[in-house]
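Notes for the one structure printed next.
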Amino acid sequence: MKTVSNPLFQKLVSKVEDNLLPLPTTIKELIILDINKTSANDIEGIIQKDQSVVARVLRLANSAFYGFNQRISTIAHAIVCLGFNQVKSLAYTASSQNIMLMGLDNYGFDKDTLFDHSLSVAIGSKVLAEHVGITNPDELYVMGLLHDIGKLIINQYAKEELDKAWNIYKLGSLKFFQAEERVFGFNHGTIGAAIARKWNFPEDICTAIEFHHNPEDAENYIKHVYIVHLANGIAKTLDMGSGIVEQQDVQIEMDGVFHEKNLNKLGLNKFNVLEIRKTIFNTLKEFMTQFRDSAS
């Protein structure tokens with residue numbers, strides 16, 4: 234784990250400690266359950282506490298995306314039909330939407346863009362995890378969903394510094410996360426991991442968040458980090474919730490995503506990753522349509 238001790242970093246961490254970036258209760262409790270390896274009954278109990286999450290999960294479970302002939306009317310029934318891990322993923326998605334829809338105006342994101350991008354990376358991470366044989370691909374879904382949480386706190390409490398990063402980025406020699414590092418002394422992944430640790434997330438999630446832009450610096454959970462890194466890059470090339478900043482980086486991202494050294498870490502090559510990219514796009518397009526319907 235990187236140790237960052239500068240005034241801005243400490244200021245941002247203190248905002249989390251003061252509960253000025255609250256984590257939805259459902260997400261927090263589900264992650265704790267993941268650590269303790271508990272049962273479907275426990276999952277059902279947590280989801281039932283938030284009726285807005287229940288409603289959204291059931292709408293999705295009954296959507297054309299899953300295609301069940303019978304109506305699913307309870308969370309218990311959804312777990313039977315969709316499976317334990319799939320219902321957890323839906324609950325994470327439904328619970329995270331409000332915090333993700335805060336908007337990131339200082340990053341050039343409208344109110345939907347961060348959520349769209351996060352969902353894209355979540356689905357991409359899961360598809361990649363399945364392809365490379367990760368034991369529980371749904372864990373990668375959570376990592377992808379939350380990989381950009383650091384942007385939320387920076388956007389809200391470091392506008393002046395973010396403006397300086399923009400000015401450096403516009404010179405054209407650095408990616409945006411590198412411009413952040415130049416100005417802040419850290420990037421949104423670093424502060425995102427600090428937030429995740431304050432919320433007592435397991436270390437694999439924290440590590441994936443921290444190094445999703447610079448996976449070569451990670452010392453542990455190497456495959457997890459490279460999966461989220463690759464899914465993040467693929468999401469940008471699909472132009473699904475890229476944001477103003479990332480749209481300028483798409484060509485650079487295309488080159489970086491398919492760099493041989495990145496693919497080798499996951500046993501992939503340029504040919505099968507292009508097929509995986511198609512799978513991600515098709516899954517994402519269909520799921521987003523159903524999710525928008527469930528949110529309305």
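Each residue of the sequence shown is one higher than the one before, starting from 234 at the first, in my numbering.
Glycine included, C-beta positions come from ideal geometry on N, C-alpha and C.
These numbers come from a predicted model, not from an experiment.
- By the neighbour-count criterion, in which a residue is buried when 16 or more other Cβ atoms sit within 10 angstroms of its Cβ, D251 is exposed.
- In this structure, T259 and V286 form a Cβ contact; the two beta carbons are roughly 5 Å apart against a cut-off of 8 Å.
- The DSSP-derived three-state label of L385 is helix.
- Under a 10 Å Cβ-count criterion, P240 is classified as exposed, with fewer than 16 other Cβ atoms of the shown protein chains found around its own Cβ.
- DSSP lists L337 as the beta-bridge partner residues of F342.
- Here P370 has K359, A362, E363 as same chain residues with Cβ atoms under 7 Å from its own Cβ, once five neighbours each way along the sequence are excluded.
- Of the residues assessed, P448 falls on the buried side of the cut-off, its CB having 16 or more other CB atoms within 10 angstroms.
- With respect to the 8 Å criterion, H421 and F410 are classified as neighbours on the basis of their beta carbons.
- Taking the Cα positions, N331 is about 16 Å away from H380.
- Per the C-alpha coordinates, the member of I442, G278, F342 positioned closest to V375 is I442.
- Contact annotation: the segment 456-465 does not touch the segment 384-399, with fewer than three C-beta pairs closer than 8 Å.
- The beta carbon of L334 sits closer than 6 Å to those of K344, F348, all from its chain and outside the five residues before and after it, given in chain order.
- At a Cβ-Cβ threshold of 8 Å, G383 and I424 count as neighbours.
- The continuous alpha helix (DSSP H) containing N400 extends over residues 392-402.
- If you look at Q284, you'll find it in the alpha helix (DSSP H) that goes 284-294.
- The three-state secondary structure of T259, taken from DSSP, is helix.
- E277 and A327 have their alpha carbons spaced roughly 14 Å apart.
- By the neighbour-count definition (other C-beta atoms within 10 Å, threshold 16), S322 is a buried residue.
- DSSP places G405 outside both helix and strand once states are collapsed to three, so it counts as coil.
- Here T440 carries a helix assignment [DSSP, helix/strand/coil].
- Distance from the Cα of L373 is smallest, within the candidate group R304, L352, Q389, for L352.
- Residue burial is scored here from C-beta neighbours: K244 has fewer than 16 other C-beta atoms within 10 angstroms and is therefore classed as exposed.
- Excluding residues up to 5 positions away in sequence, I279 lie with their Cβ nearer than 6 Å to the Cβ of E262 in the same chain.
- Sixteen is the threshold: since fewer than 16 other Cβ atoms of the shown chains lie within 10 Å of the Cβ of A297, the residue is exposed.
- With respect to I438, A429 sits close: the two C-beta atoms are nearer than 8 Å.
- For the pair N388 and N465, the CB atoms are not nearer than the 8 Å cut-off.
- Sequence-distant partners of E414 (beyond 5 residues in either direction) whose C-beta falls short of 6 Å from its own C-beta, in its chain, are N420.
- T512 and M521 have their alpha carbons spaced roughly 14 Å apart.
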